[in-house]
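Numbering (this note's numbering), first residue to last: 2 to 348.
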Amino acid sequence: MSPSFPSIRTTAILLLLVVGSTLSFAFHATTGGATITYEATSAEPGANPGLVTRATSNVTDLDERLSDTPTQYQQPIRTAAATGTYNGTLSPELHIVIDDVETPYVRYNGSYYAWTLSADEETTNATIRMRQTDPKTVFTSVARPVSEAPPEVQTAIETGTTTGSIVESGLYRQDGTYYVVAPENEDALATQLAGTVIGFVLTPVGRGYVAVALGLLAYRYRDPTRDRPLTARRAAAIAVLAIPIALVGTALFESGSATRFVTGPMSAAVVASGVVAGVLTAQRRWLSLAGVTIGIGLLTTASISAVLGPVGLFFGPLVVFIGIGTGVIPFGYGYAFAQKTPRESPQ
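Right, here's the structure in full:
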């Protein structure tokens, strides 16, 4: 008796299941074992200005901000630094660079300044106030007590270094001495953050793929003696399966904000809905395809906005955009399984 091998379709489903299961743990893979070395460096007021401005969120390196801005557009800054105030129009080249500078202090041309910017949201008119301040005042104002710092920061200050996935950088003070805690290698930190973001995005994508694979397997083996094309209604049921799968995955393997119980499942559902789009495309039901696409987009945006607030109006469409892009693979499965095929082994 000759051995029985899985059919091409079954093999494709199993492959999707493996890929989806792997991606489902992408976030854990990118955050679980990676560590960054942080070091604590003692700093006198006025010393290591570049290190201080990079480590603390309360001081902006204005020279670095303006490095790519042509000199002729920097006159308002020079005026404010020299006279204390500038009130007038900003060029678009300057406005776009300093519009989001909201720190209380800036470092400019070798000195520290107290900084305030009041800009008209509808025009480029603005008032800039810059008052030169001695470094001691800046350090006293922005440094946090070591006793109130996280344990990782205290370890870094006691031993010189510490390791962790994310350690709170900043300027700290203890017994009259100031310390800057910052990553030893900022490129390594940037790489880890990029990996974390990618893992965060790919995790619900993987769960959407798992839902499609499990749904197709169940549908295929429910009645293996019949070659039934996938219908839009059954494809919709498969897409909905992504929600409980993502909920279980979130409950078992993730911790943190409760919003993950909404954003994760909705993201996975958008990805899995590609199988519905594939079936509707195969059936040339263009109006239904448009309705499903718009409907899932609005539902996802509304759900995410309900838990995140106004910021969800940005992240909701972003989730939909990513979901549609990564839903191309479920789309292909939906399109293929909506077609009638010659008789093949149901194994």
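All residues carry an ideal CB built from backbone N, CA and C; glycine is no exception.
Assuming residue i and residue j are in contact, meaning their beta carbons sit under 8 Å apart, how far apart are those beta carbons, in whole angstroms?
i, j, result
"Thr264", "Ile305", "6 Å"
"Val277", "Ala339", "Contact doesn't hold; Cβ gap of about 10 Å is too wide."
"Thr104", "Trp116", "7 Å"
"Thr70", "Val98", "5 Å"
"Phe193", "Ile295", "The sequence shown places Gln at residue 193, rather than the Phe named in the question. Between Ile295 and Gln193 the Cβ distance is about 37 Å, and since that is not below 8 Å, they are no contact."
"Val241", "Ile325", "So it is not a contact: roughly 17 Å between Cβ atoms."
"Leu16", "Gly207", "Actually they do not touch by this definition, with Cβ atoms about 13 Å apart."
"Ala81", "Tyr74", "Their Cβ separation, rounded to whole angstroms, is 14 Å, which puts Ala81 and Tyr74 out of contact at 8 Å."
"Met267", "Val320", "7 Å"
"Asp1", "Asn110", "Since the displayed the chain opens at 2 and closes at 348, residue 1 lies outside it and no answer follows."
"Pro230", "Lys341", "5 Å"
Within its chain, find whatever has a CB closer than 8 Å to the CB of residue i; leave out the 5 residues flanking it on each side and keep chain order.
i, result
"Leu52", "Thr42, Ala44, Val181, Ala183"
"Leu18", "Tyr210, Val211, Ala214, Leu215, Leu218"
"Arg132", "Gly85, Tyr114, Ala115"
"Thr164", "Thr36, Ile37, Thr38, Tyr39"
"Ala56", "Ser170, Gly171, Leu172, Val181, Val182, Ala183"
"Arg66", "Val98, Ile99, Val102"
"Glu255", "Phe28, Arg261, Gly265"
By the 10 Å Cβ neighbour count, where 16 or more other Cβ atoms means buried, how is residue i classified, buried or exposed?
i, result
"Ala219", "exposed"
"Ser396", "Nothing about residue 396 can be reported from this structure: the residues present for the chain run from 2 to 348 only."
"Leu288", "exposed"
"Asp121", "exposed"
"Pro77", "buried"
"Ile158", "buried"
"Ile9", "exposed"
"Thr353", "Outside the shown range of the chain (2 to 348) lies residue 353, about which nothing can therefore be said."
"Gly328", "buried"
"Phe322", "exposed"
"Ala236", "buried"
"Thr54", "buried"
"Leu91", "buried"
"Val280", "buried"
"Leu314", "exposed"
Pick out whichever of the options has its Cα sitting closest to the Cα of residue i.
i, options, result
"Leu203", "Ala269, Leu95, Thr160", "Ala269"
"Pro146", "Pro136, Thr164, Tyr179", "Tyr179"
"Pro331", "Gln133, Ala273, Thr84, Asp100", "Ala273"
"Pro152", "Val168, Ser142, Ala237", "Val168"
"Gln155", "Ser142, Thr141, Gly171, Phe140", "Gly171"
"Tyr173", "Ala195, Thr162, Ala150", "Ala150"
"Thr162", "Leu95, Thr72, Glu185", "Glu185"
"Gly275", "His96, Ala144, Gly333", "Gly333"
"Leu309", "Gly298, Val280, Ile297, Arg261", "Arg261"
"Thr134", "Asn126, Pro230, Ala83, Gly317", "Ala83"
"Ala303", "Gly292, Phe316, Val293", "Phe316"
Short of 6 Å in beta carbon distance, which residues of its chain neighbour residue i, apart from the five on each side in sequence? Order them along the chain.
i, result
"Pro50", "Arg108"
"Ala27", "Gly200, Leu203, Thr204"
"Thr61", "Val102, Thr104, Val107"
"Ser346", "In this prediction, Ser346 scores a pLDDT of 45, lower than 50, which makes its location untrustworthy; the coordinate-derived value is nonetheless stated afterwards. Only Ser8 meet the Cβ criterion."
"Gln175", "Val147"
Starting from residue i, trace the beta strand (DSSP E) both ways and give me its first and last residue.
i, result
"Tyr87", "86-90"
"Ala41", "37-43"
"Gly171", "171-175"
"Ser58", "Segment: none, Ser58 is in no beta strand (DSSP E) and carries neither H nor E."
"Arg285", "No beta strand (DSSP E) contains Arg285, which DSSP labels as neither H nor E."
"Pro184", "178-184"
"Tyr349", "In the structure as shown, the chain begins at 2 and stops at 348. Residue 349 is therefore absent and cannot be evaluated."
Could you give the residue range of the alpha helix (DSSP H) that holds residue i?
i, result
"Gly333", "329-338"
"Asp64", "63-66"
"Gln411", "Residue numbering for the chain in the displayed model covers 2 to 348; residue 411 lies beyond these limits and cannot be assessed."
"Pro93", "93-99"
"Val263", "261-273"
"Ala120", "Taken as a continuous stretch (DSSP letters only), Ala120 belongs to no alpha helix (DSSP H), being part of the beta strand (DSSP E) at 112-120."
"Arg10", "9-24"
"Arg235", "233-241"
"Thr138", "136-143"
Tell me which same chain residues have a C-beta within less than 7 Å of the C-beta of residue i, skipping the five on either side of it?
i, result
"Ser3", "Confidence at Ser3 is low in this model, with a pLDDT of 47, below 50, so the placement of that residue should be treated as unreliable; the coordinate-derived value is given next. There are no such residues."
"Pro136", "Pro46, Gly47, Tyr113"
"Thr282", "Leu290, Tyr336"
"Phe140", "Pro46, Leu172, Tyr179"
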